[in-house]
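Following: one structure in structure tokens, then a few remarks.
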Amino acid sequence: AQKITQTQPGMFVQEKEAVTLDCTYDTSDQSYGLFWYKQPSSGEMIFLIYQGSYDEQNATEGRYSLNFQKARKSANLVISASQLGDSAMYFCAMREDLNDYKLSFGAGTTVTVRA
Amino acid sequence: SAVISQKPSRDICQRGTSLTIQCQVDSQVTMMFWYRQQPGQSLTLIATANQGSEATYESGFVIDKFPISRPNLTFSTLTVSNMSPEDSSIYLCSVTGVFGEAFFGQGTRLTVV
């Protein structure tokens, strides 16, 4: 079974608007971590934001925020004030066992920002 | 966050040959990870490399195909052996940050012809 599900293969957003990327996860662990990464066409993977399962507040990092709904097992990424440089593939990932550093990645969502 | 240098950044290789990818970290780390990203796909963990012990491979990956070395706490290599076109992928090494997030090298874009 998929541990991380990203249902949006591709999205278009107008420059300066906000965009929400969906991510749902599946785990029976109580302690886990959720992450978002950006992968530009160059291929590098850039860490954006982290949410711990026990964190009561949604994580924010600059223009990135994570809408964490634990009961629904969703961890959506919101990018505010989109810029052309935000055009990239975005991956949601989860670390289930806090004693194990392996990450499971979703299929990714391609974001294209239009001028 | 750690600075991770990976090389080569890209290569085109003949089938049947092998390529060794190097990963250098600017600080000592206990674990290093190797991932594969096939074209248009997500990342899949190949193995975890611990210093002083054999690498731990994920299901579907074997040491004969992907031998890994970890001679010290700042360096690791991944070899892709006896390559076929199906091995064409981006290979990434990573280390773990404070929250368990992965920090990645620049990746090696491998094309097998």
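Line by line, the protein sequences give chains G and Y. Take 410 as the starting number for the first sequence in the numbering used here and just add one per residue. Take 987 as the starting number for the second sequence in the numbering used here and just add one per residue. Cβ coordinates follow ideal geometry from the N, Cα and C atoms, glycine included. Since the model is a prediction, treat every value here as computed from it, not as a measurement.
| query | result |
| --- | --- |
| Compare the C-beta of Y:M1069 with all C-beta atoms of chain G and state if any pair is closer than 9 angstroms. | no |
| Contact criterion: CB-CB distance below 9 angstroms. Does Y:L1064 meet it with respect to chain G? | no |
| Got a sec, what are the start and stop residues for the beta strand (DSSP E) Y:P1057 sits in? | 1054-1058 |
| Grouping DSSP H, G and I as helix and E and B as strand, with all else coil, what is Y:E1087? | coil |
| Consider the Cβ of G:I488: report whether some Cβ of chain Y lies at a distance smaller than 9 angstroms. | no |
| So, do the region 1079-1093 of chain Y and the region 987-1000 of chain Y have three or more beta carbon pairs nearer to each other than 8 angstroms? | yes |
| Can the beta-carbon of Y:S1075 be found less than 9 angstroms from the beta-carbon of Y:Q1023? | yes |
| Are there 16 or more other CB atoms within 10 angstroms of the CB of G:E479, so buried, or fewer, so exposed? | The amino acid occupying residue 479 of chain G in the given sequence is Lys; Glu does not appear at that position. So G:K479 ends up on the exposed side. |
| Identify, in the order they occur along the chain, each residue of the same chain with its Cβ nearer than 7 angstroms to the Cβ of G:L493, setting aside the five sequence neighbours on each side. | E424, V522, A524 |
| Using 9 angstroms as the limit for Cβ to Cβ distance, is Y:R1095 near chain G? | yes |
| Interface residues of chain Y around G:G515 at Cβ under 9 angstroms? | S1028 |
| Please name the residue, chosen from G:Y499, G:Y510, G:R504, G:S474, that lies closest to G:A516 on a Cα-to-Cα basis. | G:Y499 |
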